[in-house]
Structures are given as C-alpha cells and as structure tokens.
Amino acid sequence: MFAAGGSGIMLPIIIVIIIVVVIILVLIGMYNSLVKLRNRVEEAFATMDVYMKKRFDLVPNLVETVKGYASHESATLEKVVQARSMIQSAGTPEQRMQGEAALTTTLRSLFAVAEGYPELKANTNFMGLQTELSGIEDEIAQSRKYYNAIVRDYNTKTETFPSMLIANMFKFERKPSFEIADDAERNAPKVQF
Numbered sequence: 000m001f002a003a004g005g006s007g008i009m010l011p012i013i014i015v016i017i018i019v020v021v022i023i024l025v026l027i028g029m030y031n032s033l034v035k036l037r038n039r040v041e042e043a044f045a046t047m048d049v050y051m052k053k054r055f056d057l058v059p060n061l062v063e064t065v066k067g068y069a070s071h072e073s074a075t076l077e078k079v080v081q082a083r084s085m086i087q088s089a090g091t092p093e094q095r096m097q098g099e100a101a102l103t104t105t106l107r108s109l110f111a112v113a114e115g116y117p118e119l120k121a122n123t124n125f126m127g128l129q130t131e132l133s134g135i136e137d138e139i140a141q142s143r144k145y146y147n148a149i150v151r152d153y154n155t156k157t158e159t160f161p162s163m164l165i166a167n168m169f170k171f172e173r174k175p176s177f178e179i180a181d182d183a184e185r186n187a188p189k190v191q192f
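Per numbering that gives the first Met the number 0: the sequence shown = residues 0 to 192.
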C-alpha cells in the first residue's frame, strides 16, 4: 500500500518535469530559429553589399567617361557624385540603403542623358561600363529581393506570438527592408534637350 501511494505522488512530478522540459525545448527552438534568421539577414545584406560595392567602384570611371562628352550635363554628374558620397559617409545600414537608392536613381538619369549623345553611346569604354553596370544592377536587384524576403521572415518571427517573447527578451530588433526612399525616386527621370 505504501508503494502505491508513493507512485501516485511520483506521476504528477514526472508529468510536471516532462512539461517543463518540453517548454524549455520549445523556447530553445524559438531562440535558435531567431538566431538563424538574423544570421541569414546579415548574410543577405553582405551579399547585396558586395554587388553594390562593385557598382560603387565603377561610378568614377563612368562619370569621367561621360564628362568628356557631356560636360554641360554637370548637374546630373554632380548628383551621381553626391549619391556616391552619401554611400561613403553612411553610418548605418539604413543610411547606406538610402544612398544606394539615390545612386540607382541618378545612374538611370545619367544613362537617360547619355541617350542624347551619339558619340558617347558609341564610345567602347562607355558601352563596356554600361554593360557591366547593367549586369551588376541585375545582381543587386536579385540580392535585394532575397534580402527583403529574409527580412520579412525575420521581422514576422520577431513580431508574432510566442516567438516575440523570446525576441523581446533577447533584444532581436526589427530589420529594415530595402526600399526606394521617396516618391521622386519611384518615377522615371525626365530628360529634356
């Protein structure tokens, strides 16, 4: 009779221990999934950053080539140089993204301006730079899509219950998506000759 009473007490203790272990394992799983997503966000940004660095390095050559043919288009060239400087002086990923968006817009304007200069369009150096930049822009676009998808998954995980409890406890902060900065950049550049 004593043995039966002792096992009656042990069963609830075993159930409580099992429940506690399951809860701990779930919390560990949530934490680990947040860490994995955060690392994927950082890796996606680094990949995008590599392509943006390639474009960044081509800009001075492009500006110099265009200067030789379209020197009176200095306002457009200055905007390209300013956007490049904005990237260089960026202190946060958000500022870097704003600078990159501005550079994309100004490069579009620069290529639109180049359409009015047949000699420039025929220049092999300019054509090579334009082709290389076009390829890099495609790579940047693909890496932005990937980055934004991973950021979406990460932000969703940090903002939904119950993983938000772990995210708040361990300071997993919301990550910014890569977006066009303002409505002016959303519109195609207008070029008048």
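Each residue gets a CB set at the ideal place from its N, CA and C atoms; glycine is no exception. Computed from a predicted model, the values in this text were never measured in an experiment.
Could you tell me the alpha carbon to alpha carbon distance between residue i and residue j, rounded to whole angstroms?
i, j, result
"VAL62", "THR46", "25 Å"
"ARG39", "LEU24", "22 Å"
"VAL21", "THR103", "50 Å"
"MET96", "LYS35", "23 Å"
"VAL58", "ARG143", "20 Å"
"GLU195", "PRO175", "Residue 195 lies beyond the residue range present for the chain, which begins at 0 and ends at 192; the question has no answer from this structure."
"ILE12", "GLU41", "44 Å"
"SER32", "TYR153", "9 Å"
"ILE27", "PHE169", "12 Å"
"VAL195", "THR91", "In the structure displayed, the chain extends from 0 to 192; residue 195 sits before or after that span and is not available."
"ALA89", "ARG37", "22 Å"
"THR159", "GLY67", "55 Å"
"GLY7", "ASN167", "40 Å"
"SER133", "ALA121", "17 Å"
"ASP56", "GLU114", "23 Å"
With 16 other CB atoms within 10 Å as the buried threshold, where does residue i fall?
i, result
"GLN141", "exposed"
"GLU178", "exposed"
"SER162", "buried"
"MET126", "exposed"
"ARG151", "exposed"
"ALA82", "buried"
"THR218", "No statement about residue 218 is possible, as the shown extent of the chain runs from 0 to 192 and does not include it."
"GLN87", "exposed"
"PHE171", "buried"
"LEU106", "buried"
"GLY98", "buried"
"ILE149", "buried"
"THR75", "buried"
"LEU10", "exposed"
Please look up how many angstroms separate the CB atoms of residue i and residue j, rounded, as I've assumed it's under 8 Å.
i, j, result
"ILE165", "ARG54", "With a Cβ gap of about 38 Å, ILE165 and ARG54 do not count as contacting."
"LEU109", "VAL80", "About 11 Å separates the two Cβ atoms, so there is no contact after all."
"TYR50", "GLU138", "5 Å"
"THR155", "ARG173", "So it is not a contact: roughly 10 Å between Cβ atoms."
"TYR146", "ALA43", "4 Å"
"ASN60", "LEU128", "6 Å"
"GLU77", "VAL112", "Incorrect: roughly 12 Å between the Cβ atoms, too far for contact."
"LEU101", "MET85", "Just to set this straight, residue 101 is Ala in the shown sequence, not Leu. 6 Å between Cβ atoms; contact."
Exercise. Can you list, in chain order, the stretches of the alpha helix (DSSP H) that have 4 or more residues and sit fully within the segment 115 to 190?
Worked result: Whole alpha helix (DSSP H) segments, 4+ residues: 117 to 121, 123 to 158, 162 to 168, 182 to 185.
For this session: Any chance you could list the alpha helix (DSSP H) runs of at least 4 consecutive residues sitting entirely within the segment 68 to 117, in chain order?
Result: Listed in chain order, they are 73 to 87, 92 to 113.
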